Amino acid sequence: MATVAFVLLLSLGVTLLLTPMIRETAKRFGWVDAPSDRKVHVMPMPRLGGIGMYLGVYSALLFFLIFPNKTAQAFFNEPVLIWIITGSTLVFLMGVWDDLGRLNPLFKLMVQAVAAGIAYYGGIRIVQLETPWGSVISFGLASLPVTIFWFLLVINAINLIDGLDGLAAGVSLFATLSLLVICFMGGKLAVCFGLAALAGACLGFLRYNFNPASIFMGDGGSYFLGYMLAALSILGAMESHTTVAILIPIIALGVPLMDTLLAPVRRFILGKRLFQPDKSHIHHRLLKRGFSHRKAVLVMYGATVCMGLFALIGVHAVDGHAGLFLFALGVLLFICVRQLGYLEYLAVDKVLGYVRDVTDEIGLQRGRRTFLGRQKAIGETRTVDEMWHAIVAAVESLDVDYAEVRLNGNGITIPASARFTWFKSDETILQRDEANDVLSVCLPLINHRYHGTLFIKKDMARAPLSQHTLRRLEQLRRTIVERLMRFEVKVEKRSAFTSPLLPIKSFHRPQPVAIENREAICVDSGLGQGADSRTSA
Numbered sequence: 060m061a062t063v064a065f066v067l068l069l070s071l072g073v074t075l076l077l078t079p080m081i082r083e084t085a086k087r088f089g090w091v092d093a094p095s096d097r098k099v100h101v102m103p104m105p106r107l108g109g110i111g112m113y114l115g116v117y118s119a120l121l122f123f124l125i126f127p128n129k130t131a132q133a134f135f136n137e138p139v140l141i142w143i144i145t146g147s148t149l150v151f152l153m154g155v156w157d158d159l160g161r162l163n164p165l166f167k168l169m170v171q172a173v174a175a176g177i178a179y180y181g182g183i184r185i186v187q188l189e190t191p192w193g194s195v196i197s198f199g200l201a202s203l204p205v206t207i208f209w210f211l212l213v214i215n216a217i218n219l220i221d222g223l224d225g226l227a228a229g230v231s232l233f234a235t236l237s238l239l240v241i242c243f244m245g246g247k248l249a250v251c252f253g254l255a256a257l258a259g260a261c262l263g264f265l266r267y268n269f270n271p272a273s274i275f276m277g278d279g280g281s282y283f284l285g286y287m288l289a290a291l292s293i294l295g296a297m298e299s300h301t302t303v304a305i306l307i308p309i310i311a312l313g314v315p316l317m318d319t320l321l322a323p324v325r326r327f328i329l330g331k332r333l334f335q336p337d338k339s340h341i342h343h344r345l346l347k348r349g350f351s352h353r354k355a356v357l358v359m360y361g362a363t364v365c366m367g368l369f370a371l372i373g374v375h376a377v378d379g380h381a382g383l384f385l386f387a388l389g390v391l392l393f394i395c396v397r398q399l400g401y402l403e404y405l406a407v408d409k410v411l412g413y414v415r416d417v418t419d420e421i422g423l424q425r426g427r428r429t430f431l432g433r434q435k436a437i438g439e440t441r442t443v444d445e446m447w448h449a450i451v452a453a454v455e456s457l458d459v460d461y462a463e464v465r466l467n468g469n470g471i472t473i474p475a476s477a478r479f480t481w482f483k484s485d486e487t488i489l490q491r492d493e494a495n496d497v498l499s500v501c502l503p504l505i506n507h508r509y510h511g512t513l514f515i516k517k518d519m520a521r522a523p524l525s526q527h528t529l530r531r532l533e534q535l536r537r538t539i540v541e542r543l544m545r546f547e548v549k550v551e552k553r554s555a556f557t558s559p560l561l562p563i564k565s566f567h568r569p570q571p572v573a574i575e576n577r578e579a580i581c582v583d584s585g586l587g588q589g590a591d592s593r594t595s596a
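In short: position in the sequence shown from 1, add 59, done, that's this note's numbering.
Take a look at the structure:
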């Protein structure tokens, strides 16, 4: 125990000593974090504090490598140590590089995955998961992706919560102390040795990073902390036979992990890029609820301490009670997430609406397949009259009250000027153009050139608008344009084989014919009358 305490104090002292020197150096060379809309600080801030933490941890370990004792020797005898040092140094250097000049998010993720692969190669692996109900889930070949996912999750969890003064360092400190106590109780002194060095570095850096901060840890510091926590938590759980062993670090790191898991879900639902920064993290929500900068950080500290206590309880949970313990924890987390407003993104009506849109888009809904058949019928028509009757069948299925197509064609296969109209019941809908309960849609039939216009009207007082009607109308517009373009292509092909002295004969304007049937009306079409149409000169 004395050795563990001493390594903590040694790491603390080195970090306290080096951080001010790094701060002044960063100021001198302009290595600062500039304010922006998504950040809460208003002044440029040095952001290379992670260097002090990295040197604090490994200086303490180096001291005991030079002057070893029994506990330190057990730590240095761990065959995975060299791989932890290699992987953590890799992500640390990549983070410092990102602090000095911004790197592509995908590149950073790839480097993190490589560093996780180094740890896996060295023997730090998640090979199985024991459930609270006694069953064992063996990952087998999936052990590699599961291990890499754990590293990526923890690394980016610490990075994402590094948004307020002292938040990432403090949360990491309390999570590390929780794991330290758990490992000490389990007799894993070698793991305690590394956790103590990490806790000392966090505590020492917090002296300069707590609100109001004078330096930020930067990506170098957050990536280093995340990597060490991920590696040491696996190392601490690998030799444990407790049912919830692998779940203990998940619980202890619950606050940053929950924030990280919610972030991509939130961004996906809102249509944002998964790597696009935003101001909807837990600490941002606390600020929006009126908490001061310092109070928001203290609330996050308190939540981390509570999760650490839950982890300690989980260690002593009898296998039969482990399931009940995890259920209670899940209920508590659900309440917290709901209070923070995150369930707004997962409201039943919004989710069901999205699911309906997706199933409609990929054709799982019967209505979409039926309308696709209407589109196919339009595409197979050979004349404008046939096309119009197919359009009428399509708009009838959309439950609209009025449809009109005005064409501007080539005068050969398509009339130079034509107007087709259809009413669901009567013409009174046209007299209510200014009414508030009439939906009017005007869709130009255009693709490189203007072919005409599609007009649609719907009486909203008679029936509400379907969720998919507007999408169907755009699909209908594209189908009509495609059919009209093919009509014109036929003329171009005929023109290519026709002598200039023998021009193609155009359609004559038909004489007015009165037809009582008003189901479909074709006015001045320039083509022959359909069976249910009315034409007039």
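Cβ atoms here follow ideal geometry from the backbone N, Cα and C, with glycine treated the same way. Fair warning: this is a prediction, and the values are worked out from it, not measured in the lab.
Just so you know, the alpha carbons of E547 and I341 end up roughly 59 Å apart. Around A133, the same chain offers L248, A249, F252 as residues with beta carbons nearer than 8 Å, after the five sequence neighbours per side are excluded. Residue nearest to R427 within the set L535, I310, L345 is L535 (criterion: CA-CA distance).
Beta-bridge partners assigned by DSSP to L502: L513. If you draw a straight line from the Cα of T528 to the Cα of D518, it comes to about 13 Å. In this model, W142 and W209 are separated by some 16 Å (Cα to Cα).
Per DSSP, A522 lies in no alpha helix (DSSP H) segment and is marked neither H nor E. In the three-state DSSP reduction, L236 falls in the helix class (H, G or I). Fewer than three beta-carbon pairs drawn from the stretch 254-272 and the stretch 138-157 are found closer than 8 Å, and the two stretches are therefore not classed as touching. Rounded to whole angstroms, the separation of the alpha carbons of F198 and F243 is 28 Å. For T480, the uninterrupted beta strand (DSSP E) segment begins and ends at 477-482. For the options D221, A258, G229, A362, the alpha carbon positioned closest to that of Y117 is the one of A258.
Under the 10 Å beta carbon count, D496 is surrounded by fewer than 16 other beta carbons and is classified as exposed.
For A85 and I309, the gap between their C-alpha atoms comes out near 35 Å. Where A258 is concerned, the enclosing alpha helix (DSSP H) starts and stops at 248-268. Contact check between the stretch 498-517 and the stretch 453-472: three or more CB pairs, one atom from each, fall below 8 Å, which counts as touching.
Here K354 is exposed, its C-beta having fewer than 16 other C-beta atoms within 10 Å. Annotation: the continuous alpha helix (DSSP H) that includes I372 extends over 352-374.
By the neighbour-count definition (other C-beta atoms within 10 Å, threshold 16), N218 is a buried residue.
In this structure, T74 and M104 do not form a Cβ contact; the two beta carbons are roughly 18 Å apart against a cut-off of 8 Å. Within the model, the alpha-carbon separation for G367 versus L431 is close to 56 Å. In the structure shown, Q187 falls within a strand segment according to DSSP collapsed to helix, strand and coil.
Following the DSSP letters along the chain, one finds V195 inside the beta strand (DSSP E) bounded by residues 195-197. Counting along the chain, no beta strand (DSSP E) covers V66; the unbroken alpha helix (DSSP H) around it starts and ends at 61-88. D158 carries a helical assignment under DSSP once its states are collapsed to helix, strand and coil.
Counting of Cβ neighbours within 10 angstroms places H507 among the exposed residues, the total staying below 16. Take the alpha-carbon of A289 and the one of A520: they are about 60 Å apart. One alpha carbon belongs to E445, the other to V417, and they sit about 32 Å apart.
Take D92, set aside five residues on each side of it, and the residues of its chain with a beta-carbon closer than 6 Å to its own are M104, R106, F275, in chain order.
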